[in-house]
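According to our numbering, the sequence shown holds residues 163 to 397 in order. What follows is one structure encoded as structure tokens, with my remarks underneath.
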Amino acid sequence: MSLWIKICGNTSLEDTQLAVKAGADAVGFVFASSPRQVTVPQVASILAHVAAPVEKIGVFVDAPLDEIYAAVRACGLTGVQLHSDAEPELPAKLRARLGPALRVLRVVYFDAETAILVKKQIAEHVRNPDIAAVLVDSRTATAVGGTGVTFDWDAARATVFKGTKAGKRIAAGGLNPANVAEAIATLRPWGVDVASGVESTPGHKDAHKVKEFIARARAADRKRTSELSSHQDRS
């Protein structure tokens, strides 16, 4: 399967359609406190005009079940991204109420100093049949996403991105058009996620950056696939 790409932090129909036309697999909307925060009515209005078969992911931080359920139903979301201290049973409860097709992404924050603990957390999420993929992100003292800060890719590759056949990992945190190819080559992720790295100002996308990010990510993925195929042929 080709690399999965999500353009997150969309706040307008124009930006959402830009991501879709540029070839994103998914578009994300942040319902938590953030410079990119949107409301349920805003997203419902945007997605009423997005007919393409793109995934529509709502981003939630410590939101209760009923709040997430209402947003998914009102907006027509196809997936949710759960940050911070979401209860372990929440993915199962959401899929029980919204159906097994709902894609649930669970966020884990990587820190090289606690890599072993993070690896254990990811292993637990990977074993959970109600979690489709784990998004590995960075965080700061003031933000749990959209930080524009990268984590230690080499340390992450040696620990949490090692043996990715065991489960899907999505790389996030500080990605942009200039470094996404390196991130893909280093981490070999199932997918990549970007928000601030393709913006002109917080909450507003830069068309050139969005197109460049997706084009460079696709090119890096093709190169990775070609190199893997060549290695297998030589073996």
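All C-beta atoms in this analysis are idealised placements derived from N, C-alpha and C, irrespective of residue type, glycine included.
Asked	Found
Buried or exposed: leucine 165, going by 16 or more other Cβ atoms within 10 Å of its Cβ?	buried
What does tryptophan 166 pair with, by DSSP beta-bridge criteria?	Gly353
Does histidine 211 come out as helix, strand or coil in the three-state DSSP assignment?	coil
Quick one: Cα of isoleucine 230 to Cα of valine 322, how far?	28 Å
Under the rule that 16 or more other beta-carbon atoms within 10 Å means buried, what is valine 228, buried or exposed?	Note that residue 228 is aspartate in the sequence shown, not valine. Exposed.
If you follow the beta strand (DSSP E) that lysine 324 is in, where does it begin and where does it stop?	No beta strand (DSSP E) contains lysine 324, which DSSP labels as neither H nor E.
Using CA coordinates, which residue listed in Ile293, Val288, Ser388, Phe375 is at the minimum distance from alanine 357?	Phe375
Tell me, to the nearest whole angstrom, how far the beta carbon of alanine 233 is from that of glycine 241; I am working on the premise that it is less than 8 Å.	Contact flag wrong, Cβ pair sits at about 12 Å.
Just to check my reading of the structure: valine 216 and histidine 245 have Cβ atoms closer than 8 Å, yes? What is that Cβ distance to the nearest angstrom?	With a Cβ gap of about 21 Å, valine 216 and histidine 245 do not count as contacting.
Opposite glutamate 389 in the DSSP bridges: which residues?	DSSP, once it has assigned bridges, lists no residue as partnering glutamate 389.
Opposite glutamine 243 in the DSSP bridges: which residues?	Val221, Leu267
To which residues does DSSP link leucine 297 through a beta bridge?	Val269, Ile332
Taking glutamine 179 and valine 212 to be in contact with their CB atoms under 8 Å, please state how far apart those CB atoms are, rounded to whole angstroms.	7 Å
Kindly list the residues whose CB is nearer than 7 Å to the CB of alanine 186, restricted to its own chain and excluding five residues on each side of it in sequence; keep chain order.	Ile167, Lys168, Ile169, Val216, Ile376
Opposite glycine 190 in the DSSP bridges: which residues?	Ile219
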